[in-house]
Every structure is written in structure tokens, then in C-alpha cells.
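Asks: Here you go, one structure.
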Amino acid sequence: MQTRDSIHSPLTVWLTLVVATGITFFAGEFEGSGPAGRWLVVGVLALALFKGSLVALHFMELRHAPAVWRWSVLGWLWVVVLGIAGAYLKGAA
Amino acid sequence: MSRSHSSSSAAALPLPAALQGDIAVWIFLLAELLAFGVFFLAYAFARARNPALFDAAQAGLDRQSGLINTLLLVSSSALVAHAVAVVRRGGSDAARRAAGALLGAIACALGFIVVKGSEYAAHFAAGMELSSSTFSMFYLCLTGFHFFHVVLGLAVLAVLWRQTVAGVYRLGDVNGLESGAAYWHMVDLVWLVLFPLVYLMH
Amino acid sequence: MQYASQAVAKPYFVAAIGLFVGQIIFGLIMGLQYVIGDFLFPAIPFNVARMVHTNLLIVWLLFGFMGAAYYLVPEESETELWSPKLAIVLFWVFLAAGVLTVIGYLAVPYATLAKLTGNDLLETMGREFLEQPLPTKLGIVVVALAFLFNITMTVLKGRKTVISSVLLLGLWGLAIFFLFAFYNPVNVVLDKMFWWYVVHLWVEGVWELILGAMLAFVLIKITGVDREVIEKWLYVIITLTLVTGLLGTGHHYFWIGTPEYWQWIGSVFSALEPIPFFALTVFAFNMVNRRRREHPNKAATLWALGTGVMSFLGAGVWGFLHTLAPVNYYTHGSQITAAHGHMAFYGAYVMVNLTMISYAMPLLRGRQANSEKSQVLEMWSFWLMTVSMVFITLFLTAAGILQIWLQRIASDPQPFMVVQDQVALFYWMREWSGVIFLAGLLAYLASFFVGGKPAEARAS
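Residue numbers (my numbering), protein chains in the order written: chain V, 493 to 585; chain U, 62 to 263; chain P, 4 to 463.
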């Protein structure tokens, strides 16, 4: 039986997460410093935001939840990741 | 707050906005996220004051173990999500298939515990402790706090598995399963921030 | 009153209120000594008045908790108390021990009291809030264990509910952590570390469980909301309490000589300690809003809601203000601490006890609720005590900020006593607020003697 959820079935989400994790890992292996290194870290953090949103929206099904819960968790993700990025860039300056 | 489910019609009706699991559990989850969030930001700002120290200490971490653990948790979460979907769809062998998925999730969780445990063993053998440096304090507290939640989650998953096998969760009565699943996803979510923050960010 | 043995709660409540009055009198004495330094000296020096004030507080709150337990456990367990006679015997033992101890504090110099009561056998005296002589401490343990035995046997032979289980957990925790009062290491760092096992793990730990259970019980009775809903909230609140409060103990380990990582752990976890109090407030208001009946005891409802708000403000907000290590570095041991301590104790534990007494006493005296006149007077006392406590807290906060600035932050820091002179105005204002508080307490006492036709439930 098909439901509208089948595009975002656990399997699809899982595959996306695995690929994103792989990219994250290899980016982290990169040794460079300077602006390129900084961009990589920002990229890794953006990936963390993306992966976290997938888990929140699909695994935790916040996509179907009342907005206040969805925005609480997504808001948490954004605030934390942006805060980390801000602290990182401040320290790297 | 479980969803009503039509087992006959092919076109799915729009589902009403519903929280996966019990609202009481979600209040607890938000508090947990707050605790971890504060810790994450504290780490980031402590690091900003001494990036060199943190980079040097971070080099001693095993990134491959971190990668494996991320894959284990993500897979575990996916299996739990799958189990919930299976139970919701119903059917004669739903309980058996869901229980199998949960067993897989438990195996992944055990894998995480083994990998992280061996990391800790190596650290402690090398003499790392809370007072070694600011990094070590954060590393041990953050990953330790998370590790504690994984162990707790393992217990939760075990209960979910037992209840599934006993046929407790069925059409319309999945609140307990969903609540436990939500907790486990939270543990996964936290790790997805923790791993790049502590292991990779340099 | 559904079970005859619930009647044993009454003497406990009466003793609680009596000792409360004593506590406030000594509070007023000290407040005056802050500004007239030799008031009652040498008859009642400041440190003796302080011991009496704090010890009376703790003992009357314990009497309140015990009375609350004796009242609610039979009703929750749907069975009579295991031994009402034991409850009465323990009442007199505890009261005698308390009275004798206070007399001991007042009648003889503390060092003499120590010699007379065998402190050289096991040194437990001399620590804040734990000044009791060894025999008193042992007496407390005996009374507590016998009380716990009585209550536990009652629960075991009857129905087990979430409320009675949480209450038991809190009360057993209270007794177990009190045992640390007997452990007094020579090393000053360890001494302080373990002292907080009693104090923090009491008021920011197991006592919160007791508070939650008591409040949940009263809310079920006066709102008629489904037990399941209320019990679920109770689970959430106590989980939040334990998760934040256990490691939150670290906010007492910043400067006592323990490792630096406590400044991080203590700050992070204790910063979250207001959350359970916030949940408690939302819980109380939510339940009253969703009420299924119009209970005639309006005063008890007011106390219940007030407990949520004042405990959140006093324990939660005022606690948060000085809990982060970088802030506490400057505020430690100042009047900010006193401000927080007063509003927190009042908002959380005084008020939950008064909530319980407000609900239970009419029933123990044979009616669902007191007369309208009596309730109005009681509600006046609520507002007088609560508002005056807010002012006490505000004045002490102001004194504290000024104190910290002059003594620790200003480019030319001044010595302690010089600074105390300069904040004296705030101490005077605090003292006047304390007088209003006493007026409120006297109004509260009077409300017990106002007669009239008991208020009845209106058809809703």
C-alpha cells in the first residue's frame, strides 16, 4: 500500500544520511588550515544541520506534528549550529 | 495521540497534525536537547578561547570510530522508524517484522557501546582524565553524558522489543512505541551535532 | 476525611504552624540585629538567633511533610494507616527533641552544649543547619525511620499510586541523605562537599519530589482532573528535577577547593534547574483551568497556584541569577544568596505545606472547606505573606548588588563591615517587610478561629 510517505521512507532517509555522513567524514579528514579549512568546517556544520533536520522531520515525524514542536526542535538545531559556527569563526579570526 | 489508519483505501487521507508519542515525553526531550545544546555551545566558546589546545588534543581522537558510531546510530534510528511504520500499517506479521527491526536497532546500539567503550579504554590507558585539560573535561563530559543516554536508550529499546513481541503495540495503540522511538531519535540527533563538533571541527 | 487514622495529621500540622511562628519571631530578632548590632546581646547573640531561626524552619517543614504524608497516604492507598498510635508517639518524641534542642541553643553557650551532649564521641556539631547536638540528630534518624516504616507499611498493604510512590521516594531520600550529617571529615574541602549531600540533595533534590507529590494530590482533589493526566505531569516534573538537580550539586563546588571542571558541570546543569519549577507552575495552572468541579476551598487553590509561581520565582529565577560560575564568583556568600534562600524556601516548601494544611485542615475538622469569612481572611494572609516576602527578597537583592559592587568590583574595594553600614537602609526596609509578614502569619492563625457556615460546592 502506498502512502504519501513512501518517498521519505526510512530507507531513503537512511541512504541520504549515510551519504551525508560519508561526505562529512572525508571533509573532516582534510588537513588544511586557512580559509579553505574554515569553509570546510562551515560545510561540515551545514551538513550536520541538514542531517539533523532529516532525523527531526522524518524519523521523529515532526513534519506531521503541530508547528510549535517542529519549530522547537528545528529552532534548537539552528541556534546550536549557528552558535557553534559563530564561536568557531570568532576563534579562528 | 496515535493516528487513525485506514487499511482499505489506496489513497492516503491527509493525516491530522499529531505528535509522535506522548507529550510528556516530548517535554522531557526538549529539556534534554536544551541540556545538550547548552553543553555544545559551552564547548564551542571554550574552544574559541584556545583553539590551538583544542586542535592538538582533538588530534588524539579516533575519527574512524566516530564515523562507525555515526553510521551505527543512524542505522539504528532508521530501523526504529521502520519498526514504527510496520506496526502502524498493521497486518498479521507486523509484530514479528517490527520486533526484528528493533532487534537490529538494539544490535547497532550495542555496537556503539562497544566502539565507544574501546575508545574510552584507550583514552584512560593513555592517562586521560577530567582534569587533564579543558578539552578532556568537555570531551569526557559531553561524550559521557551522551553515552549514558545511549545506555538508557538501549534499555528503552529492549522494553519496546519485549512489548512488540508480546503484541502490545497494534493498530491505534502505538503511543508507547512512538514515545520510545522519539527518545531514541533524540539520542541520534544529538550525536549528529556532537560528532562533527568534537571530532572534526578544527 | 475518608479514613479515621488520617486524624493523626492534625497535631503535626498544629505543631508545624506553632514552630513557624517561632521561626518568624527569631527572624525578626535577627533582622533587627542587622541594624542594631547589640540588640538582645548577650542574652541572644546573632549566631544563636540564626540557629534557632533556621533549625525551626527545617523542623516545622518536616512536621508539615509528616502530617501531609499521614493525611494523603491512607487516602491514596485506600487503607488505614498501619499504626496511628506510633504516629502519635513519634509526634511527641519529635516535638520534645525539637523544643529541648532550641532550649539548649538559647540556654547555654554552644561549646557547653557540645560538651554536655557528647560531641566528643562523634563530632557532628558546628555546621550550618546541622548544629543539632548528637542526641537530637540520632533522635531525628529514629523518628524518621519509624515514620517511614509506618508510611511504607501502609502503602504496601494498600493501593500503590504514582503519588504515594513519588512521595515515598522523596521521603526515603530525605532520610538517607540526612545520614551524611553524621559524616564530618577533617578535610575542609571534603567537609563542604558532603555537607551539600544533605542540603542540596534535600532542597534541590528529594524535597522537590515530596513537593510534587503533595501538590499533585491537592490538585487531584480540588480540580477533579483525571488522575492519569496529573500523574503523567508528576513523572515529567520529577524526571526534570533529578536530571538537573543531581549534577546541579556542582554549583556548590565552584570555590571550595574541588577541581575546576565542577565550574562547568555545575553551571550547565544548575542553569536548567528552573525548568522543573516552570513545569510545576504550568502544571498547576493547567489543571485548575481544566478543572471538572468547583471545589469550595478557594483558599487551597490559591495556595496551590501560588506555590508554583513563587517557587519558580524564588528557587528558579533567583537561583538562576547567581548560579553561573562567572557570576557566582562575585555574588558568592552575599545578600543575593540570602534573597534567593528566603524566597525559594518560602515559595517552594513553606507554601506547599500551607497548601496541604489549607486543604486538609477543614476536612480534619469535619467540613469540606472553611466558611467564606475564614477563607477570605486566609487569602488575605496569603497575599500579606507572599507580597511581603517579595519585598524582603527585592530589598536583599538590592543590598546584595550594592554589597558586591562596593566590596568586590569597585576599583577601591571596601571592607565587609564598612559596606554593611552603607546598605543598612535596605536592612531596615527588609525588617519592616518582615513585620508585615508576621502580620500575615497572625492573620493566617486567626483564620483558623473564624467560624461561620462552611462553604459548599456550587453546582457547576
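Where a beta carbon is used, it is the ideal one built from N, C-alpha and C, also for glycine. In this text the structure is predicted, and so the values were computed from the model without any measurement.
Where does Glu211(P) land, buried or exposed, given buried means 16+ other C-beta within 10 angstroms?
Replies: Residue mapping note: residue 211(P) aligns to position 208 of the third sequence, counting from 1. By the 10 Å Cβ count, Glu211(P) comes out buried.
Asks: Leaving out five residues before and five after Asn373(P) in sequence, what residues of the same chain have Cβ atoms less than 6 Å from its Cβ?
Replies: As a first step, residue 373(P) is located in the third sequence; it is residue number 370 there, counting from the start. So the qualifying residues of the chain are Pro365.
Asks: Distance check for Val51(P) and Phe180(P), CA to CA, integer angstroms please.
Replies: Taking the third sequence and counting its residues from 1, the one referred to as residue 180(P) is at position 177. Taking the third sequence and counting its residues from 1, the one referred to as residue 51(P) is at position 48. Whole-angstrom Cα-Cα distance: 25 Å.
Asks: In whole angstroms, give me the CA-to-CA distance for Tyr264(P) and Lys582(V).
Replies: To locate residue 264(P), count along the third sequence from 1; it is residue 261. To locate residue 582(V), count along the first sequence from 1; it is residue 90. Distance between the alpha carbons of Tyr264(P) and Lys582(V) is about 24 Å.
Asks: Of all the CB atoms in chain U, is at least one closer than 8 Å to the CB of Ile576(V)?
Replies: By 1-based counting over the first sequence, the position of residue 576(V) is 84. Yes - at least one Cβ of chain U is within 8 Å of the one on Ile576(V).
Asks: Against chain U, does Tyr37(P) count as a neighbour if the rule is that its beta carbon must be under 8 Å from one of theirs?
Replies: Counted from its first residue, the third sequence places residue 37(P) at position 34. It does not: the Cβ of Tyr37(P) has no partner Cβ on chain U nearer than 8 Å.
Asks: Rounded to whole angstroms, how far is the Cβ of Leu191(U) from the Cβ of Pro262(P), which I believe are closer than 8 Å?
Replies: Against the second sequence, residue 191(U) aligns to sequence position 130. Against the third sequence, residue 262(P) aligns to sequence position 259. So it is a contact: roughly 7 Å between Cβ atoms.
Asks: Per DSSP, what kind of secondary structure is Arg293(P) in: helix, strand or coil?
Replies: Position 290 of the third sequence, counted from the first residue, corresponds to residue 293(P). Coil, per DSSP.
Asks: Under 7 Å Cβ to Cβ from Ala519(V), same chain only, skipping five residues before and after it: list those, please.
Replies: Locating residue 519(V) in the first sequence gives position 27, counting from the first residue. Cβ within range, chain order: Leu532, Gly535, Val536.
Asks: Along chain U, which residues have their Cβ under 8 Å away from the Cβ of Tyr264(P)?
Replies: Locating residue 264(P) in the third sequence gives position 261, where the first residue counts as 1. Under the 8 Å cutoff, chain U gives Leu191, Ser192, Met198, Cys202.
Asks: Going by beta carbon distance, what residues of the same chain come within less than 8 Å of Ala156(U), once the five residues before and after it are set aside?
Replies: To locate residue 156(U), count along the second sequence from 1; it is residue 95. These residues qualify, in order along the chain: Val148, Thr225, Val226, Gly228, Tyr230, Arg231.
Asks: So with CB distances below 8 Å, who are the chain U contacts of Ala557(V)?
Replies: What you label residue 557(V) is simply residue 65 of the first sequence in a count that begins at 1. Here the neighbours are Ala78, Ala79, Leu80, Gln81.
Asks: Here's the rule: buried if 16 or more other CB atoms are within 10 angstroms of the residue's CB, otherwise exposed. What is Ala160(U)?
Replies: Taking the second sequence and counting its residues from 1, the one referred to as residue 160(U) is at position 99. Ala160(U) should be labelled buried.
Asks: Sort Val426(P), Met392(P), Trp383(P), Thr389(P) by Cα distance to Ala401(P) and report the nearest one.
Replies: Counting from 1 along the third sequence, the entry for residue 401(P) is found at position 398. The residue with the shortest Cα to Cα distance from Ala401(P) is Val426(P).
Asks: Less than 8 Å between CB atoms is the rule here; does Ser136(U) satisfy it with respect to chain V?
Replies: By 1-based counting over the second sequence, the position of residue 136(U) is 75. With 8 Å as the cut-off, Ser136(U) counts as an interface residue toward chain V.
Asks: How many angstroms separate the CA atom of Gly529(V) from the CA atom of Gly214(U)?
Replies: Mapped onto the first sequence, residue 529(V) falls at position 37. Mapped onto the second sequence, residue 214(U) falls at position 153. Going from the Cα of Gly529(V) to the Cα of Gly214(U) covers about 36 Å.
Asks: Shorter than 8 Å from the beta carbon of Phe208(U) to some beta carbon of chain P?
Replies: To locate residue 208(U), count along the second sequence from 1; it is residue 147. No, because no Cβ of chain P sits closer than 8 Å to the Cβ of Phe208(U).
Asks: What does the Cβ neighbour count give for Asn3(P), buried or exposed, with the cut at 16 atoms within 10 Å?
Replies: Residue 3(P) cannot be examined here, being either before or after the span of chain P that is shown, 4 to 463.
Asks: Counting only the same chain and skipping the five closest in sequence on each side, list residues whose C-beta sits under 6 Å from that of Ile32(P).
Replies: For this step, residue 32(P) is matched to residue 29 along the third sequence. Around Ile32(P): Ala52.
Asks: At a CB-CB cut-off below 8 Å, which residues of chain U make contact with Ala274(P)?
Replies: As a working note, residue 274(P) is residue 271 in the third sequence. Correct list: Val99.
Asks: Just to make sure I have the definition right: I need the residues of chain V whose C-beta is within less than 9 Å of the C-beta of Val217(U). Which are they?
Replies: Locating residue 217(U) in the second sequence gives position 156, where the first residue counts as 1. Near Val217(U) there are no residues of chain V at all, since even the closest Cβ is about 15 Å away, more than 9 Å.
Asks: Would a check of beta-carbon distances place Ile167(U) closer than 8 Å to chain P?
Replies: In the second sequence, counting from the first residue as 1, residue 167(U) sits at position 106. It does not: the Cβ of Ile167(U) has no partner Cβ on chain P nearer than 8 Å.
Asks: For Phe452(P), which of Arg368(P), Gly403(P), Met420(P), Asn122(P) has the nearest alpha-carbon?
Replies: In the third sequence, counting from the first residue as 1, residue 452(P) sits at position 449. The shortest Cα separation from Phe452(P) among Arg368(P), Gly403(P), Met420(P), Asn122(P) belongs to Arg368(P).
Asks: Return no unless some Cβ of chain U is closer than 8 Å to the Cβ of Trp267(P).
Replies: As a position in the third sequence, residue 267(P) is number 264, starting the count at 1. Answer yes: the Cβ-Cβ gap between Trp267(P) and chain U drops below 8 Å somewhere.
Asks: I'd like to know whether the C-beta atoms of Val135(U) and Trp506(V) end up nearer to each other than 8 Å.
Replies: Taking the second sequence and counting its residues from 1, one reaches residue 135(U) at position 74. Taking the first sequence and counting its residues from 1, one reaches residue 506(V) at position 14. Cβ atoms of Val135(U) and Trp506(V): closer than 8 Å.
Asks: Report yes if the C-beta distance between Glu234(P) and Ile166(P) is below 8 Å; otherwise report no.
Replies: Within the third sequence, numbered from 1, the residue matching residue 234(P) stands at position 231. Within the third sequence, numbered from 1, the residue matching residue 166(P) stands at position 163. Cβ atoms of Glu234(P) and Ile166(P): closer than 8 Å.
Asks: Please name the residue, chosen from Pro112(P), Asn122(P), Glu207(P), that lies closest to Tyr186(P) on a Cα-to-Cα basis.
Replies: The count along the third sequence starts at 1 and reaches residue 186(P) at position 183. Of the listed residues, the one whose Cα sits closest to Tyr186(P) is Asn122(P).
Asks: Does Met62(U) come within less than 8 Å of chain P when only Cβ atoms are used?
Replies: Here residue 62(U) refers to the residue found at position 1 when the second sequence is read from its first residue. Because the pLDDT of Met62(U) is 41, which lies under 50, any placement of that residue in the model is unreliable, and the question is left without a value.
Asks: Taking just the CA atoms, how far does Ala318(P) sit from Leu243(P)?
Replies: Locating residue 243(P) in the third sequence gives position 240, where the first residue counts as 1. Locating residue 318(P) in the third sequence gives position 315, where the first residue counts as 1. If I take the Cα positions, the gap works out to 15 Å.
Asks: Chain V beta carbons: is any one of them nearer than 8 Å to that of Leu253(U)?
Replies: Here residue 253(U) refers to the residue found at position 192 when the second sequence is read from its first residue. So, interface residue.
Asks: Is it the case that the stretch 223-241 of chain P contacts the stretch 153-170 of chain P, given that we only count it when at least three CB pairs across the two stretches are under 8 Å?
Replies: Yes: at least three Cβ pairs fall under 8 Å.
Asks: What is the rounded straight-line gap between the Cα of Leu204(P) and the Cα of Thr252(P)?
Replies: For the purposes of this step, residue 204(P) is taken as residue 201 along the third sequence, with counting starting at 1. For the purposes of this step, residue 252(P) is taken as residue 249 along the third sequence, with counting starting at 1. Their backbone Cα atoms lie some 7 Å apart in a straight line.
Asks: Give me whichever residues DSSP pairs with Ser194(U) in a beta bridge.
Replies: Sequence index remark: in the second sequence, residue 194(U) carries index 133 (1-based). None, per the DSSP bridge assignment.
Asks: Let me know the secondary structure DSSP gives Leu133(P) once reduced to three states.
Replies: What you label residue 133(P) is simply residue 130 of the third sequence in a count that begins at 1. Three-state DSSP puts Leu133(P) in a strand.
Asks: Please report the Cβ distance between Tyr73(P) and Tyr15(P), rounded to the nearest whole angstrom; I am assuming they are in contact, meaning their Cβ atoms lie under 8 Å.
Replies: Within the third sequence, numbered from 1, the residue matching residue 73(P) stands at position 70. Within the third sequence, numbered from 1, the residue matching residue 15(P) stands at position 12. Rounded, the Cβ-Cβ distance is 7 Å, consistent with contact.
Asks: Between Tyr260(U) and chain V, is there a C-beta pair that is closer than 8 Å?
Replies: For the purposes of this step, residue 260(U) is taken as the residue at position 199 of the second sequence. Tyr260(U) counts as touching chain V.
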